[in-house]
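Have a look at the structure below before the remarks.
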């Protein structure tokens, strides 16, 4: 049906329905990354965010406005590997979130089943299987067709077929895809045309996100330690990946989001800070030990000799927000690195390298 132009002029336009910021419902989007970067983990966590209708399921921090059924067709990994991923992510979810996700997420291993969406019978089954879904994830694109990936004509037809799936089911379709060897080699995996194959793959999609490994330069200038801003360093950069959007046809492009890889490969949002100029380029250990950060802490309580104070009591004594306001870093670090030798004096010298979880105090303390 043609759009009524006069009504469009005169009436308020409809609100756009986004799966997550920028990814419009009923459209086709892409998520690209080199192999073994974390795109499948990110996509699975994103699928759970959309499938979870209660609080506590948005591990990836997408903040979706609406939730619904999700169909995830996993073509690269066998069932045991997928189960391990689900179990690892589940450690970051509460019971209510687990139950909601289990009800709304269909995770189907299709490795070895030779799915071909360009085959009419296969396409019909995918549409029937996904009817009523809000999101369909295809992991990965190369596993669901047999066309020439370098042909713009073929890839335009492939994306058009995925658009047909979206139109028939009402779902958004997200396909996962690898980047080219050249873009990976040049460190340009966050660019719009980094995807492997014909340009029509991304040009014809309405949204494209990426997952990129942390570079050596980023590891030198970024820190995950708010209390001393020491660089992440080359030895730890493998634990961090960056998610961003390289193409977005609707709405403003959001800022990139850093994730830290936790146990089992789970990606958890993390805030990284710029390293002061004086700390860039040097050895992380050398910088930490040559200029130990210290701060004087006085606690307004007298304690008996050789008594101890736990983290909960210490926070209660000092008052909410004490650590953030007075020390300039999160209070949990106090109990990670307390300098015990300095705890013999009436003023505790806090060294973030050497705190213990319990602060042992003497009668000399005036806190």
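Residue numbers (this note's numbering): 37 to 403. Ideal placement from N, C-alpha and C gives every residue a C-beta, glycine not left out. Small disclaimer: the values here were computed from a predicted structure and weren't measured.
Same chain only: Cβ atoms within 7 Å of residue 228, ignoring 5 sequence neighbours per side: 238, 244, 282 and 283
Please report the residue range of the alpha helix (DSSP H) in which residue 165 lies. It spans 156 to 165 - the alpha helix (DSSP H) in which residue 165 sits, taken as one unbroken run.
C-alpha gap between residue 259 and residue 43, whole angstroms: Taking C-alpha positions only, residue 259 is separated from residue 43 by approximately 53 Å.
With a threshold of 7 Å on Cβ separation, who are the neighbours of residue 86 within its own chain once the five nearest residues in sequence on each side are excluded? 55, 100, 103, 104, 106, 170 and 171
If we ignore side chains and look at the alpha-carbon of each, how far apart do residue 233 and residue 264 end up? 44 Å
Reduced DSSP secondary structure (H/G/I, E/B, other) of residue 145: strand
How is the alpha helix (DSSP H) around residue 113 delimited, first residue to last? It is not in any alpha helix (DSSP H) - residue 113 carries neither H nor E in the DSSP assignment.
Would the beta-carbon of residue 66 fall within 8 Å of that of residue 231? Taking 8 Å as the Cβ cut-off, residue 66 and residue 231 qualify as a contacting pair.
Going straight from the alpha carbon of residue 143 to that of residue 174, what length do you get? Roughly 11 Å between the two C-alpha positions.
Separation of residue 310 from residue 327, as counted between CA atoms: Because the pLDDT at residue 327 is just 38, under 50, the model does not fix this residue reliably, and the point stays unresolved.
Chain-order list of residues whose beta-carbon lies under 6 Å from that of residue 211 (same chain, five-residue window excluded): Sequence-distant partners of residue 211 (beyond 5 residues in either direction) whose C-beta falls short of 6 Å from its own C-beta, in its chain, are 66, 174 and 177.
Cβ pair residue 110, residue 145 closer than 8 Å: yes
Do you know whose CA, among 168, 93 and 180, lies nearest residue 138's CA? 93
With 16 other Cβ atoms within 10 Å as the buried cut-off, status of residue 150: exposed
Going straight from the alpha carbon of residue 60 to that of residue 202, what length do you get? 11 Å
Using beta-carbon positions only, say whether residue 126 and residue 303 come within less than 8 Å of one another. no
Would you grab the beta carbon distance between residue 76 and residue 113 for me? Rounded to a whole angstrom, and I think it's under 8 Å. 7 Å
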